[in-house]
Structure formats: structure tokens, C-alpha cells
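Enquirer: In the working numbering, the protein residues as written are 47 to 126. Glycine residues also receive a C-beta, built at the ideal position from the N, C-alpha and C atoms.
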Ligand code: FES
Ligand code: FES
């Protein structure tokens, strides 16, 4: 099983808008982190859709190892 690229050691704090959909990059190759830019085409990964239920700040996983993707669950603090 291929592993995603660790795009960042920390999460991305993003202001999301209620009712809007966001596509989180699961492969780690996107140049527009934390969102998908289509670079996953050469990988087995696909983006993960996230729909904001409220207008707020959320923390999208940058390490791509979260057990609660697309959101950060603190896994990035564990040694690889
Ligand atoms: Fe990573 Fe699309 S670029 S999932
Ligand atoms: Fe991936 Fe926190 S950035 S779990």
C-alpha cells in the first residue's frame, strides 16, 4: 500500500463557510495544501470531501496520517 506524502508536520487552519464543500488532499502531493489540485492522478489516493456545517475555523490534516481525516486528530505529533 502506497503511503501519502507528509505535506506538513502541522495542520492547516482554514476559515470555512457553512454549506460549502472542500476537497482535502489525501495524497499529500497537491501544491495547494491542504486542498486537492489534481496531483493525485498518479497515486492510489482520492480527495476527501468535507462539507462545512458552520462558518468557522477548522484544522485540516497536513501530515496525511490522521485517523479522522480530513481533520487533524493530533497524530502528527507521534514519531513516524
Ligand atoms: Fe492529493 Fe488530489 S492532489 S488528493
Ligand atoms: Fe495530520 Fe495533525 S496534521 S493529524
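So is residue 123 buried or exposed if we call it buried at 16+ other beta carbons inside 10 Å?
Expert: Result: exposed.
Enquirer: May I ask whether a heavy atom of ligand 2 can be found less than 6 Å away from the beta carbon of residue 76?
Expert: Not under cutoff, so the answer is no.
Enquirer: From the DSSP output, read off the bridge partner residues of residue 97.
Expert: BP columns for residue 97 point to 67.
Enquirer: Cα-Cα, which of 105, 72, 96 and 56 is closest to residue 50?
Expert: The shortest Cα separation from residue 50 among 105, 72, 96 and 56 belongs to 72.
Enquirer: For residue 125, is the classification buried or exposed, using 16 other Cβ atoms within 10 angstroms of its Cβ as the cut-off for buried?
Expert: With fewer than 16 Cβ atoms within 10 Å of its Cβ, residue 125 is classed as exposed.
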